[in-house]
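Taken in order, these protein sequences are the chains called A and B.
Each residue of the first sequence is one higher than the last, beginning at 1 in my numbering.
Each residue of the second sequence is one higher than the last, beginning at 1001 in my numbering.
We put the beta carbon where it would ideally sit given N, CA and C, even for glycine.
These notes concern the structure reproduced below.
2 protein chains.
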Amino acid sequence: MKIAILGGDGFCGWPTALHLSEQGHEIHIIDNLSRRWIDTELGVQSLTPMDSIQERCRIWHQETGRSLRFHLLDLAKDYERLRQWLAEERPDAIVHFAEQRAAPYSMKSDRHKVYTVNNNVSATHNLLTAMVETGIDAHLVHLGTMGVYGYSSVGAPIPEGYLDVKIDTPEGEKDQEILYPTRPGSVYHMTKSLDQILFQFYAQNDGLRITDLHQGIVWGTHTEQTRRHPQLVNRFDYDGDYGTVLNRFLIQAAIGYPLTVHGTGGQTRAFIHIQDTVRCIELALGEPPAAGDRVRIFNQMTETHRVRDLAEMVAGLTGATVAYLPNPRKEAPENDLIVRNDQFLALGLDPITLRDGLLNEVVEVARKFAHRIDRSRVPAVSAWTKDIAGRVETDPEGRGLKSVS
Amino acid sequence: MKIAILGGDGFCGWPTALHLSEQGHEIHIIDNLSRRWIDTELGVQSLTPMDSIQERCRIWHQETGRSLRFHLLDLAKDYERLRQWLAEERPDAIVHFAEQRAAPYSMKSDRHKVYTVNNNVSATHNLLTAMVETGIDAHLVHLGTMGVYGYSSVGAPIPEGYLDVKIDTPEGEKDQEILYPTRPGSVYHMTKSLDQILFQFYAQNDGLRITDLHQGIVWGTHTEQTRRHPQLVNRFDYDGDYGTVLNRFLIQAAIGYPLTVHGTGGQTRAFIHIQDTVRCIELALGEPPAAGDRVRIFNQMTETHRVRDLAEMVAGLTGATVAYLPNPRKEAPENDLIVRNDQFLALGLDPITLRDGLLNEVVEVARKFAHRIDRSRVPAVSAWTKDIAGRVETDPEGRGLKSVS
Ligand SMILES: NC(=O)c1ccc[n+]([C@@H]2O[C@H](COP(=O)([O-])OP(=O)(O)OC[C@H]3O[C@@H](n4cnc5c(N)ncnc54)[C@H](O)[C@@H]3O)[C@@H](O)[C@H]2O)c1
Ligand SMILES: NC(=O)c1ccc[n+]([C@@H]2O[C@H](COP(=O)([O-])OP(=O)(O)OC[C@H]3O[C@@H](n4cnc5c(N)ncnc54)[C@H](O)[C@@H]3O)[C@@H](O)[C@H]2O)c1
Chain A
1 MKIAILGGDG FCGWPTALHL SEQGHEIHII DNLSRRWIDT ELGVQSLTPM
51 DSIQERCRIW HQETGRSLRF HLLDLAKDYE RLRQWLAEER PDAIVHFAEQ
101 RAAPYSMKSD RHKVYTVNNN VSATHNLLTA MVETGIDAHL VHLGTMGVYG
151 YSSVGAPIPE GYLDVKIDTP EGEKDQEILY PTRPGSVYHM TKSLDQILFQ
201 FYAQNDGLRI TDLHQGIVWG THTEQTRRHP QLVNRFDYDG DYGTVLNRFL
251 IQAAIGYPLT VHGTGGQTRA FIHIQDTVRC IELALGEPPA AGDRVRIFNQ
301 MTETHRVRDL AEMVAGLTGA TVAYLPNPRK EAPENDLIVR NDQFLALGLD
351 PITLRDGLLN EVVEVARKFA HRIDRSRVPA VSAWTKDIAG RVETDPEGRG
401 LKSVS
Chain B
1001 MKIAILGGDG FCGWPTALHL SEQGHEIHII DNLSRRWIDT ELGVQSLTPM
1051 DSIQERCRIW HQETGRSLRF HLLDLAKDYE RLRQWLAEER PDAIVHFAEQ
1101 RAAPYSMKSD RHKVYTVNNN VSATHNLLTA MVETGIDAHL VHLGTMGVYG
1151 YSSVGAPIPE GYLDVKIDTP EGEKDQEILY PTRPGSVYHM TKSLDQILFQ
1201 FYAQNDGLRI TDLHQGIVWG THTEQTRRHP QLVNRFDYDG DYGTVLNRFL
1251 IQAAIGYPLT VHGTGGQTRA FIHIQDTVRC IELALGEPPA AGDRVRIFNQ
1301 MTETHRVRDL AEMVAGLTGA TVAYLPNPRK EAPENDLIVR NDQFLALGLD
1351 PITLRDGLLN EVVEVARKFA HRIDRSRVPA VSAWTKDIAG RVETDPEGRG
1401 LKSVS
């Protein structure tokens, strides 16, 4: 197949491009490199030394003889070029990773909120419109997030996108299947809820074939392909904006800091290893919906954990201690999260668990690159509201947040 | 109160500005005049001769001694100026009409789809972000549409925004109240579904006080205030993009053309008179939610009719005939629509009905300005999909659509 990987320079996109290239597909990476620019804006960098996308593509070719074609294109701003590119290349499938993906970054300031909404909505909508306009019959696979469900469940396991409900009508109770009611907890997550509605409309009105993957937090760094050469290494974000909770624990452990848990650590989150992410995308590509079908939604996660249990797990492996800090997010202090992922399991996904894979991350990534850590960048500092911002401040030693009082 | 009317140069915004000004409020109109530019793009004009916004404000002052302040500002593109304006003026209430509002225009081409999404999402989101950033405590009243509900009802009357459902959980059936599941039928309507999610988030995260009015199709031209002087007249759109079904029937009748009904005319729509629109906004402004409340949603409509019954009503008043044409929209050929509007009725709304007000429109507007009608502009020509576009074409005499073949 000819496959376009939008956002193929990113943390999930790059290993996906390699994985699908290795399987013999013709891969085109489209990216505006905005994520690299954000590194510059924030004054942070990947823990793993990351080469330019052009250099990475060159190394892949050198190692495997396979080509990756890179196209510098802003999906949100270059609608005309996007449409032209699709009309000329007519890919069979499109995997869409190209969005601003950090919740804390999306809450940093009004400018960051506006950027996140404009970038993500326009990228997704431009793509959908261009697909209709060019009349290509590509299968679109989009990366959504578990966060669209919100983290306060209705008490039942979260189904894969659609919820069965009963409604009272004059003719008695009626069964209805609806999109799971969305309750996003940040501007970033909100954009994924908006995406859902865009997909619903374009599948229904134009018969676009769309799969939406509601993904958990991705952990792990290496995949089979990125291990092949040091310059193929994946990015590893550990800063307070882009570093997910697990990555920040690993880094804190590596530099001998206490692991900073926000609030009670009772927040439950869903996780998946990067190797399983690329496998899931392969599986989803193999199961395209038919034209006229509703959007196919998979929950792309393999296990759930409470944040404080994660901290204990990392502490157990590394000897680190755990520190409880005020929470900069507006969220319930504790939540349950039971998620169905039957579809990927039925397709043969065999998950890598945190219990099995975490030590590897400690040794092969966190300790190995510990000399590159900028400790002042580890704490999360974006507050969700002005009220919260007034109540917390960054510890001067850069170890995390503390309450103002 | 100091009230900002965003989109105050438009069909609903202008009479609202006058109505609230007459009640003694301090009115600021913000508009980028894009609607006038779209008239230019389409080569159409309001049936009623419409003066510049500056001239209209001057006449209002001359007639009443009251001031209207006009600010040329693009909500979608001038975020910084918007924020600054809010920080300086600190309005008590904001009425937000400023979106691209025609479904056929939103479906005209890829460029129009992209414009509609970018304009409407950015306008609404910029406003919300700016309200949070400036910390003003204004009540935001937004104009949504009945179309967010979609037109295939679940069999029960459409409630005011929120639906009670029952969900199976391991502990038995649970009651839950959710946002009515959205099924927009055009890109325009889709943007109003996106708005809903933006409102939900900002009410929940930042405690913004928001009222969303799900409005039916507005008919009628004059209000008490616009009648005061010929130069205060409201706009009247009758072209295939912006003219709503009733306006186009009135114009077809005035020029002796058959009334063009799409499909079977079995589509049921909700309606409200412009005088009731301005009254509803007054009522909504008087009932602000408290900070922390969920978004307050009203259904702002007073009656429903099938399109073919509307055609018969206009035919009965004017002697026109009715012609059935192919439908350029992708929609169910027939639908029921039963809508609750108890909240506005309880607040004292006393609706003007089509039965009572329609003759007035025929005589005072359609016949009076018939000499200004450009008949080639009456037919609706935007097709919802490429398939449909291939099956219909515009009748060469400009009387409507006909099937190809
Ligand atoms: N990483 C996770 O834990 C995680 C979890 C759930 C969902 N996701 C989703 O998966 C996708 C990929 O995430 P990631 O971690 O790889 O993020 P990332 O930031 O590393 O990669 C995103 C890539 O998209 C590019 N991009 C952004 N906007 C663009 C635009 N307008 N035009 C062209 N390119 C653009 C960026 O330059 C970047 O290379 C995102 O949509 C994200 O929301 C990620
Ligand atoms: N007219 C109806 O029948 C009807 C029915 C239901 C809902 N509504 C809603 O009511 C609102 C007003 O409708 P209307 O009929 O008065 O439409 P309109 O097009 O006559 O008025 C909208 C006004 O907003 C302005 N505007 C648009 N984008 C802007 C931007 N980015 N910045 C500043 N100004 C901008 C336009 O110039 C115009 O003056 C719309 O949101 C519409 O969706 C209207």
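Counting only C-beta atoms, is G161/A closer than 7 angstroms to chain E at any point? Here the protein chains are A and B, and chain E is not one of them.
*Which residues, taken in chain order from the segment 1156 to 1182 of chain B, show a beta carbon closer than 9 angstroms to some beta carbon of chain A?*
The residues in question are A1156, P1157, L1163, D1164, V1165, K1166, I1167, D1168, T1169, P1170, E1171, E1173, K1174, Q1176, I1178, L1179, P1181, T1182.
Would you verify that the beta carbon of Y79/A is, or is not, closer than 7 angstroms to some beta carbon of chain B?
Y79/A counts as touching chain B.
Query - Limits of the unbroken beta strand (DSSP E) element including Q176/A - result: Looking at the DSSP string, the run of the beta strand (DSSP E) that includes Q176/A is 172 to 179.
What residues from chain B crowd round P406/A, counting only those whose CB sits closer than 8 angstroms?
Since the first residue of chain A shown is 1 and the last is 405, residue 406/A is not available in this structure.
* Asked: Which term fits I281/A, buried or exposed, when burial requires 16 or more other beta carbons within 10 angstroms of its beta carbon?
  -> So I281/A ends up on the buried side.
What would DSSP say about H189/A, mapped onto helix, strand or coil?
In the three-state scheme derived from DSSP, where H, G and I count as helix and E and B as strand, H189/A is classed as helix.
| query | Is the shortest distance between the beta-carbon of K108/A and the beta-carbons of chain B less than 7 angstroms? | reply | Output row for K108/A: interface = no.
For the beta strand (DSSP E) containing G144/A, list its first residue and its last residue.
Unbroken beta strand (DSSP E) run through G144/A: 139 to 145.
Under 7 angstroms by beta carbon: chain B residues contacting G292/A: None at all; the shortest Cβ gap to chain B is about 12 angstroms.
Near-chain B residues of the segment 119 to 134 of chain A (beta-carbon distance less than 8 angstroms), N- to C-terminal order: If the cut-off is 8 angstroms between Cβ atoms, the segment 119 to 134 of chain A has V121, S122, H125, N126, T129, A130, V132, E133 near chain B.
message: Between which residues of its own chain and L1047/B is the CB-CB distance below 6 angstroms, once the five residues before and five after are set aside?
response: If we look at L1047/B and ignore the five residues flanking it on each side, its Cβ neighbours are F1236, Y1238, F1369, R1372.
Would you say V114/A reaches chain B, if we count a Cβ-Cβ gap shorter than 7 angstroms as a contact? For V114/A, the answer is yes, since a Cβ of chain B falls inside 7 angstroms of its Cβ.
*asked:* Does chain B have any CB closer than 7 angstroms to the CB of M190/A?
replied: Yes, M190/A lies at the interface with chain B (some Cβ there is under 7 angstroms from its Cβ).
Subject >> T211/A classed as buried or exposed, judged by whether at least 16 other C-beta atoms fall within 10 angstroms >> reply: Note on T211/A: 16 or more other CB atoms within 10 angstroms of its CB, so buried under the neighbour-count rule.
Using C-beta distances below 7 angstroms, list every residue in its chain close to F249/A, excluding the 5 sequence neighbours before and after it, in chain order. If we look at F249/A and ignore the five residues flanking it on each side, its Cβ neighbours are L259, L310, A311, V314.
Neighbour flag for L140/A against chain B, beta carbons, 7 angstroms | Answer no: the Cβ-Cβ gap between L140/A and chain B never drops below 7 angstroms.
ask   = Which residues in the same chain have their Cβ closer than 7 angstroms to the Cβ of Q343/A, if we skip the five residues on either side of it in sequence?
value = Cβ neighbours of Q343/A beyond the five flanking positions: E160, F298.
Run of the beta strand (DSSP E) containing F1011/B, from where it starts to where it stops: If you look at F1011/B, you'll find it isn't in any beta strand (DSSP E); DSSP assigns it neither H nor E.
Q: Pull out every residue of the segment 359 to 385 of chain A whose Cβ sits closer than 9 angstroms to any Cβ of chain B, in chain order.
A: Taking 9 angstroms as the Cβ-Cβ cut-off against chain B, the residues of the segment 359 to 385 of chain A that qualify are W384, T385.
What does the Cβ neighbour count give for H19/A, buried or exposed, with the cut at 16 atoms within 10 Å? Using a 10 angstroms sphere on the CB of H19/A, the tally of other CB atoms reaches 16 or more, which defines it as buried.
Taking 6 angstroms as the cut-off, is the beta-carbon of C1012/B closer than that to any non-hydrogen atom of ligand 2? Yes, ligand 2 has a heavy atom inside 6 angstroms of this Cβ.
Strictly below 7 angstroms CB to CB, what residues from chain B border S193/A?
By Cβ distance, chain B contributes I1197.
Residue span of the alpha helix (DSSP H) that contains L1075/B, given as start and end: From DSSP, L1075/B is part of no alpha helix (DSSP H); its letter is neither H nor E.
### Query
Which of helix, strand or coil does DSSP assign to V278/A?
Residue state, collapsed to three classes: helix.
Amino acids of chain A, ordered along the chain, whose beta-carbon sits closer than 7 angstroms to that of D1206/B: Listed along chain A, the residues sitting closer than 7 angstroms to D1206/B by beta-carbon distance are T385.
Can you determine whether any heavy atom of ligand 1 sits closer than 6 angstroms to the C-beta of S34/A, and answer yes or no?
Yes, Cβ of S34/A sits closer than 6 angstroms to a heavy atom of ligand 1.
Original post:
Cβ of L1143/B within 6 angstroms of any heavy atom in ligand 2?
Top reply: Yes, the Cβ of L1143/B comes within 6 angstroms of a heavy atom of ligand 2.
Requested in this report: Please confirm if the segment 27 to 41 of chain A is in contact with the segment 184 to 196 of chain A, defined as three or more CB-CB distances below 8 angstroms between the two stretches.
Outcome: Under the three-pair Cβ rule at 8 angstroms, the segment 27 to 41 of chain A does not count as touching the segment 184 to 196 of chain A.
*asked:* Rounded to whole angstroms, what is the Cα-Cα separation between P170/A and R1355/B?
replied: Approximately 28 angstroms between the Cα atoms of the pair.
- Task: Take the Cβ of Y1257/B as the centre, count every other Cβ of all protein chains shown within 10 Å, and call the residue buried at 16 or more, exposed below.
- Result: Buried is the call here.
When we look at the beta-carbon of Y162/A and count the other beta-carbons within 10 Å, is it buried (16 or more) or exposed?
Counting other Cβ atoms within 10 Å of its Cβ, Y162/A stays below 16 and is therefore classed as exposed.
**Asked** Cα-Cα, which of K330/A, G240/A, I388/A is closest to D374/A?
**Response** The candidate whose alpha carbon is nearest that of D374/A is G240/A.
Do L1246/B and ligand 2 come close, with the Cβ less than 6 angstroms from some heavy atom?
-> Incorrect: L1246/B has no Cβ contact closer than 6 angstroms to ligand 2.
Per DSSP, the bridge partner or partners of G266/A: According to DSSP, G266/A bridges with E334/A.
Is the Cβ of V392/A closer than 7 angstroms to any Cβ of chain B? Chain B, which has no Cβ nearer than 7 angstroms to the Cβ of V392/A, makes this no.
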